[in-house]
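One structure is given below, encoded as structure tokens.
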Amino acid sequence: PGWVHLPRAIEVEWVKQLVAEQLRTTKDRRGFARQEWAKLRERNEALDCAVLARAALWLLGADRYGEQFWARLRDEAADAPLAAAPSASITPALASQPPAASDIQRPRGWLTPRSNWLRT
1 PGWVHLPRAI EVEWVKQLVA EQLRTTKDRR GFARQEWAKL RERNEALDCA
51 VLARAALWLL GADRYGEQFW ARLRDEAADA PLAAAPSASI TPALASQPPA
101 ASDIQRPRGW LTPRSNWLRT
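Residue numbering for the sequence shown follows full-length UniProt numbering, starting at 1 and increasing by one per position.
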């Protein structure tokens, strides 16, 4: 929390979009302080993407884990071998299987042909 990792090859326009809004404190008619987001630039797609990605992480529960968990996961990923390409013997076996019976009998198309109610 409190920082964002940015790669070296990032474009200036993307960074400008990332900081396109600012939290400002204003007072309402009764004098109470109110915070609202104010746009500094018209385009802010990068900020929207960053907020959506952060929300997805929160929904997946990534905030529950501490720094030790992420360090261990990073170490495991670094030690794991790269996945090998699938062998050629697997592909023909999958291709030679006949389609399921339900796929053969199911009518194709957007509307199923039932009693020709659509034809004039």
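Ideal Cβ placement from N, Cα and C applies to all residues, glycine included.
Element boundaries [beta strand (DSSP E), containing Arg24]: As a first step, residue 24 must be located in the sequence shown, where it is residue number 24. It spans 21 to 27 - the beta strand (DSSP E) in which Arg24 sits, taken as one unbroken run.
Gln22: buried (16+ other C-beta within 10 angstroms of its C-beta) or exposed? Within the sequence shown, numbered from 1, the residue matching residue 22 stands at position 22. Label assigned to Gln22: exposed.
Bridge partners for Trp37 per DSSP, in chain order? Residue numbering aside, residue 37 sits at position 37 when the sequence shown is read from its first letter. Trp37 pairs with Leu23.
Considering only the alpha carbon of each residue, which of Gln35, Ala20, Lys16, Leu18 lies closest to Thr26? Here residue 26 corresponds to residue number 26 of the sequence shown, with the count starting at 1. For Thr26, the nearest C-alpha among the options comes from Gln35.
Applying the 10 Å Cβ sphere with the 16-neighbour rule, what's the burial state of Gln17? Residue mapping note: residue 17 aligns to position 17 of the sequence shown, counting from 1. Using a 10 angstroms sphere on the CB of Gln17, the tally of other CB atoms reaches 16 or more, which defines it as buried.
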